[in-house]
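Read through the structure below, which is laid out as structure tokens, and then see the notes.
Protein chains: 2
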Amino acid sequence: MHLLLVEDDELVAQGLSRSLRQQGYSVEHCATVKAALQWLQSDQIELVVLDLGLPDGDGIDVLKHIKKHRKSLPVVILTARGSIDDKVLGLDLGADDYLAKPFDPAELFARLRVASRRLTQAQSSLLSVDDVVMDIAAHTVSYQQQPVNLPRKEFMLLKALLENQGRVLSKQQLENKLYEWGEEVGSNTIEVHIHHLRKKFPKELIKTLRGIGYVAGKR
Amino acid sequence: MHLLLVEDDELVAQGLSRSLRQQGYSVEHCATVKAALQWLQSDQIELVVLDLGLPDGDGIDVLKHIKKHRKSLPVVILTARGSIDDKVLGLDLGADDYLAKPFDPAELFARLRVASRRLTQAQSSLLSVDDVVMDIAAHTVSYQQQPVNLPRKEFMLLKALLENQGRVLSKQQLENKLYEWGEEVGSNTIEVHIHHLRKKFPKELIKTLRGIGYVAGKR
DNA sequence: GCGAAACTTAAATAAAACTTAAGAACAATT
DNA sequence: AATTGTTCTTAAGTTTTATTTAAGTTTCGC
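Order-wise, the sequence lines are chains A and B.
The opening residue of the first sequence carries number 8 in the numbering used here; numbering runs sequentially from there.
The opening residue of the second sequence carries number 8 in the numbering used here; numbering runs sequentially from there.
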């Protein structure tokens, strides 16, 4: 993992770099705001350890820059400014952690492990065919990047179809998915909903198999 | 946001609960390992503040349980055990942060904001859509640079929506965020609060998806 | 070309959300 | 402890929108 250490005290920097490398990071080091911003251009950096008191400016500016341009890049602040107000400010500006000097290296390493293990995390589940994308958790659907508003039943119907791409679902099966048990439906509801869906999406999305049912997806 | 406070000192717990509520969390409190595990069954909890010294066991067991079953649930440890070894252990077992008592409440709140904004991938303590800006730390909201006064529930509601921009939240989900467990709400409260919010902000801010829920932000 | 199945349309019905306003609960202040 | 003002909940009435129904039209396979 690629770590940028921004620290102007040469001695501290050297010691830290060495032990961070021992911890398995590839460490880049710089001592000024300017150099830090330079490094951040590169998109190579995955984790930042930031001292606030720098010779050519305030480390807080580096933090702001990072959170503006690469908001998910974790930053751990490491500084002599240990007042509560400083901490609150740093954390609220987007820092992921804040250690006041003097600190124990073991604690820093533990906190860096927390930050880096968070980098390896997952995303929400999406159903899609071509440029029709459904996010079930967020209850949203988009077509060609544009959000599409689907009423409840239409959403359920499309979801059923997308969950069974390539498989034919009979009207009966679809009804079972849309309606509670015992809630008999007396008419051509499914046909009507299909109709409405087709008006909102490309017509190839839902194919009819006469006498059998409907399928979504390519084939 | 639904927070579980695990703390056996009755006095501390009471004080903390109150100020956490003031910070806008719905707080559930328990004092034992057993009760904590119970609460965690419910899947309602989004954030945990954990004391380690509990009467019927070690809080570390609660942490282990969480990280086994609900990996991504953030846990902030808050304890009298302040040695480096304890900290490293706690953090390496999956805690997201670790504060040793005595601590300053302002710092705890700031660190909780870090944890909760990570849940919603917001970058700092400012949430905004267009010219509606919410400062979670300061508990203020403004619209077109003008401060807007929001009562607690309205604030919580707007916060929940802003934390989930683009995601649809059902009335049920919103209720879960505003009310503590067992505090059943019998009526159309959410609708009424939404109504009040809409009177104070541009009407495009909160969209209704009939039968599904509400969304804030552009889509 | 015939009949069954699916499509389309519009109106009727049902369901959800909005709007009010009143009073209960809660806080702050004296 | 009483008073005032604020915030929250309830509930009823209204409006809006989704869903169902039903009737007329088209399409498909035989």
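Cβ atoms here follow ideal geometry from the backbone N, Cα and C, with glycine treated the same way.
Between the CA atoms of residue j and residue i - distance to the nearest angstrom
i: A:L119; j: A:A113; result: 10 Å
i: A:I73; j: A:L133; result: 29 Å
i: A:G64; j: B:E187; result: 46 Å
i: A:V140; j: A:Q180; result: 23 Å
i: A:L12; j: A:L61; result: 12 Å
i: A:G193; j: A:E182; result: 11 Å
i: A:N195; j: B:L169; result: 40 Å
i: A:P81; j: A:K166; result: 36 Å
i: B:A145; j: A:G97; result: 14 Å
i: A:D50; j: B:K210; result: 39 Å
i: B:E229; j: A:L18; result: This structure gives no information on residue 229 of chain B, because the portion of chain B shown stretches from 8 to 226.
i: B:K78; j: A:R77; result: 25 Å
i: B:L216; j: B:R205; result: 15 Å
i: B:G89; j: B:I197; result: 43 Å
i: B:Q30; j: B:Y150; result: 21 Å
i: B:I52; j: B:G189; result: 14 Å
i: A:Q152; j: B:K75; result: 37 Å
i: A:V148; j: A:Q45; result: 40 Å
i: A:R25; j: A:L115; result: 14 Å
Coil, strand or helix - residue i by DSSP
i: B:D103; result: coil
i: A:E35; result: strand
i: A:L10; result: strand
i: B:K214; result: strand
i: B:T80; result: Looking at the sequence itself, residue 80 of chain B is Leu, so the reference to Thr does not match. Of the three classes helix, strand and coil, the one that applies to B:L80 here is coil, per DSSP.
i: A:S194; result: coil
i: A:G66; result: helix
i: A:P112; result: helix
i: B:V40; result: helix
i: A:D93; result: helix
i: A:V199; result: helix
i: B:Q153; result: strand
i: B:G22; result: helix
i: B:A223; result: strand
i: A:V281; result: Look at the range of chain A in this structure, 8 to 226, and you will see that residue 281 of chain A is not part of it.
i: B:W133; result: Note that residue 133 of chain B corresponds to Leu in the displayed sequence, not to Trp. In this structure, B:L133 counts as strand in the three-state DSSP scheme.
i: A:L59; result: coil
Proximity of residue i and residue j at Cβ, strictly below 9 Å
i: A:L10; j: A:S33; result: yes
i: A:V222; j: A:V155; result: no
i: A:T86; j: A:G101; result: no
i: A:L157; j: A:K207; result: yes
i: B:I143; j: B:R124; result: yes
i: A:D99; j: B:A107; result: no
i: B:I201; j: B:I213; result: yes
i: A:D16; j: A:D58; result: yes
i: B:I91; j: A:D93; result: no
i: B:Q172; j: B:V136; result: yes
i: B:L54; j: B:M8; result: yes
Presumed contact (8 Å Cβ cut-off) between residue i and residue j, rounded CB distance
i: A:V56; j: A:V83; result: 5 Å
i: A:A42; j: A:A20; result: That pair is no contact at about 12 Å.
i: A:A14; j: A:L23; result: Reading off the sequence shown, one finds Glu at residue 14 of chain A, where the question assumed Ala. About 7 Å; that satisfies the 8 Å criterion.
i: B:D104; j: B:A129; result: That pair is no contact at about 17 Å.
i: B:L185; j: B:K225; result: Incorrect: roughly 24 Å between the Cβ atoms, too far for contact.
Name the residues in the stretch 169-201 of chain B whose C-beta lies less than 9 Å from a C-beta of chain A; which are they? The residues in question are N171, G173, R174, V175, L176, S177.
According to a CB-to-CB cut-off of less than 9 Å, which residues of the stretch 86-115 of chain B neighbour chain A? Residues passing the 9 Å Cβ filter: I91, D92, K94, V95, L96, G97, L98, D99, G101, A102, D103, D104, Y105, D111, A113, E114.
With 8 Å as the C-beta to C-beta threshold (strictly closer), list the residues of the stretch 117-139 of chain B near chain A in chain order. Those residues of the stretch 117-139 of chain B that come within reach of chain A (Cβ to Cβ, closer than 8 Å) are A117, R118, R120, V121, R125, Q128, Q130, S131, S132.
Proximal residues, the stretch 136-168 of chain B versus chain A, C-beta separation under 7 Å: For the stretch 136-168 of chain B, which is checked against every Cβ of chain A, the residues closer than 7 Å are A144.
Taking a cut of 7 Å between CB atoms, which residues from the stretch 69-87 of chain A lie near chain B? Correct list: K74, K78.
What residues in the stretch 47-65 of chain B have a beta carbon less than 8 Å from any beta carbon of chain A? Going along the stretch 47-65 of chain B in chain order, one finds no residue with a Cβ nearer than 8 Å to chain A.
Would you list, in chain order, the members of the stretch 14-36 of chain B that have their beta-carbon closer than 8 Å to a beta-carbon of chain A? Correct list: empty, as no residue qualifies.
Residues of the stretch 202-221 of chain B whose Cβ lies closer than 8 Å to any Cβ of chain A, in chain order: Within the stretch 202-221 of chain B, the qualifying residues are L216, R217, G218, I219, G220.
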